[in-house]
Amino acid sequence: MRVALVGARGHGARHVANLLRLGHDGTATFVGVVDVADVDVPVPAYPDLPALAAEVHPEVVVISSPPATHRELALSAFELGCDVLVEKPALLSVADFDEISAAAAGRGLVCQVGFQSQGTGTYRRLCSLIGSGALGEIAGIGAAGRWVRTDSYYERAEWAGRQGEDGCLVNPFAHALQNALLLADVEERTDITVELELFRCRDTITADDTACVRVTSDGAPPVVVATTLCAQTSLPPVVLVHGSLGQAVWWYDDDSLMVNDHKMAVPPPVDLLENLIRHRQTGEPLVAPLAAARAFTAVVEACGKADVPVLPARRDADRVVLDGIDEVVVRAAEKIATFAELGCGFGR
-16 MRVALVGARG HGARHVANLL RLGHDGTATF VGVVDVADVD VPVPAYPDLP ALAAEVHPEV
44 VVISSPPATH RELALSAFEL GCDVLVEKPA LLSVADFDEI SAAAAGRGLV CQVGFQSQGT
104 GTYRRLCSLI GSGALGEIAG IGAAGRWVRT DSYYERAEWA GRQGEDGCLV NPFAHALQNA
164 LLLADVEERT DITVELELFR CRDTITADDT ACVRVTSDGA PPVVVATTLC AQTSLPPVVL
224 VHGSLGQAVW WYDDDSLMVN DHKMAVPPPV DLLENLIRHR QTGEPLVAPL AAARAFTAVV
284 EACGKADVPV LPARRDADRV VLDGIDEVVV RAAEKIATFA ELGCGFGR
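What follows is the structure in structure tokens.
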């Protein structure tokens, strides 16, 4: 299939590499890119999507541009008759989510979201374990993410650190949130309750850099995701599934799964673009369809509207450290508790 890319820099560079790989394998034909800057790619570049489509006629458009541009670009791609793979966060409001969903359905097209961890073998194995009852009754899903990020992190893009487009749950730990919502089986539900604790330790940004969310819904286990970019030491993000018969520990970045302290064998990962192409060619189900990001989008929208007070923190060279947060985010995931419930001075 003929594939075009919008946004070839930053994370988009990974899509360039993947498209070149798929071209070498004969799975896809990389036909062109759209980017506001000059990019060094071995395909033609165009100023906008209609200009690209007029010359090279893509069948799939991969969108890896700033989050605020996703809605307009997805609508444009659908109008051109193209399926879409869009990076997360796909949309910034539930209204936009509903609009994009209806636009795709009305044209018989599909939209896949770039939640790569949904294509991992660990995710499929963990879903199987939960579904089979191997973990017993699920009491809760916790996730923790703590990274060290320097000042340069907020200089990587114009939208970095901007509330509504960035923030722990919206971008760096979006996978942790989405994975937890999926495992709790609330990803498509409209009746969720969202409780947020958002803070920023830098007064130079408007988005949070330390965040906790609890998502609840009738008949589903509670979800708590606790994260920070102001850690003393980094810890790879982890999802904990608390069951009556045991606990699963999923390090999704490493595609590693432990159940009751035993490392589980898992199948190989599935590439999201290859999956979308096979969906068109053979009817293979989409791994990360837009429909499965509804609850995630509701949390994203809530993050864009919430208060984000500044916390006193410690400056350490080119980074900011919130003392004590390293242990707190892990405890929140372990206890399925918010910052306030853990007795943190900054919880609310």
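In terms of our numbering, the sequence shown opens at residue -16 and continues consecutively. No residue lacks a Cβ here, since even glycine has one placed at the ideal position from N, Cα and C. All values derive from a computational prediction rather than experimental measurement.
Inter-residue spacing [alpha-carbon to alpha-carbon] between residue i and residue j
i, j, result
"residue 38", "residue 31", "12 Å"
"residue 184", "residue 144", "11 Å"
"residue 87", "residue 329", "43 Å"
"residue 204", "residue 48", "34 Å"
"residue 20", "residue 248", "43 Å"
"residue 26", "residue 252", "28 Å"
"residue 287", "residue 273", "20 Å"
"residue 24", "residue 258", "24 Å"
"residue 332", "residue 304", "The requested residue 332 does not occur in the structure, where the chain is confined to residues -16 to 331."
"residue 284", "residue 74", "9 Å"
"residue 167", "residue 181", "22 Å"
"residue 222", "residue 327", "22 Å"
"residue 45", "residue 265", "20 Å"
"residue 116", "residue 231", "13 Å"
"residue 58", "residue 229", "45 Å"
"residue 316", "residue 14", "44 Å"
"residue 177", "residue 82", "22 Å"
"residue 238", "residue -6", "20 Å"
"residue 202", "residue 64", "39 Å"
"residue 210", "residue 307", "13 Å"
"residue 101", "residue 110", "10 Å"
"residue 322", "residue 119", "27 Å"
"residue 60", "residue 91", "13 Å"
"residue 153", "residue 261", "29 Å"
"residue 255", "residue 171", "19 Å"
"residue 196", "residue 206", "8 Å"
"residue 294", "residue 325", "17 Å"
"residue 289", "residue 179", "8 Å"
"residue 7", "residue -16", "13 Å"
"residue 112", "residue 106", "10 Å"
"residue 300", "residue 36", "47 Å"
Exposure of residue i, with buried meaning 16 or more beta-carbon neighbours within 10 Å
i, result
"residue 226", "buried"
"residue 292", "exposed"
"residue 245", "exposed"
"residue 108", "buried"
"residue -2", "buried"
"residue 173", "exposed"
"residue 34", "exposed"
"residue 243", "exposed"
"residue 219", "exposed"
"residue 41", "buried"
"residue 78", "exposed"
"residue 70", "buried"
"residue 72", "buried"
Cβ separation of residue i and residue j, assumed to be a contact under 8 Å, to the nearest whole Å
i, j, result
"residue 98", "residue 158", "6 Å"
"residue 96", "residue 271", "5 Å"
"residue 156", "residue 198", "Contact flag wrong, Cβ pair sits at about 14 Å."
"residue 22", "residue -9", "4 Å"
"residue 151", "residue 194", "4 Å"
"residue 148", "residue 51", "6 Å"
"residue 175", "residue 320", "No, residue 175 and residue 320 are not in contact; Cβ-Cβ is about 18 Å, not under 8 Å."
"residue 43", "residue 17", "Going by Cβ atoms, the distance from residue 43 to residue 17 rounds to 14 Å, so no, they are not a contact pair."
"residue 278", "residue 169", "5 Å"
Any non-hydrogen atom of the ligand ADP closer than 8 Å to residue i Cβ
i, result
"residue 198", "As far as ligands go, the structure on display features none, and thus does not contain the ligand ADP."
**Prompt:** Curious, which full-length alpha helix (DSSP H) runs of at least 4 residues does the segment 242 to 301 contain?
**Reply:** 255 to 265, 277 to 288
**Request:** For the segment 126 to 138 and the segment 147 to 167, state whether three or more C-beta atom pairs, one from each stretch, are separated by less than 8 Å.
**Result:** yes
**Item:** Cβ pair count under 8 Å reaching 3, the segment 210 to 221 against the segment 310 to 317
**Value:** yes
**Asked** Enumerated in chain order, which unbroken segments of the alpha helix (DSSP H) with a length of 4 residues or greater are wholly contained in the segment 140 to 184?
**Response** 157 to 166
**Message:** Could you tell me which whole beta strand (DSSP E) segments of length 3 or greater appear in the segment 21 to 54?
**Reply:** 43 to 46
**Asked** Taking one C-beta from the segment 185 to 197 and one from the segment 130 to 148 each time, how about it: are there three or more such pairs within less than 8 Å?
**Response** yes
**Message:** Extract the residue ranges of the beta strand (DSSP E) inside the segment 99 to 140, only unbroken runs of 3 or more that lie entirely within it.
**Reply:** 121 to 131
**Request:** Within the segment 61 to 103, note down every full alpha helix (DSSP H) run reaching 4 residues or more, in order along the chain.
**Result:** 77 to 90
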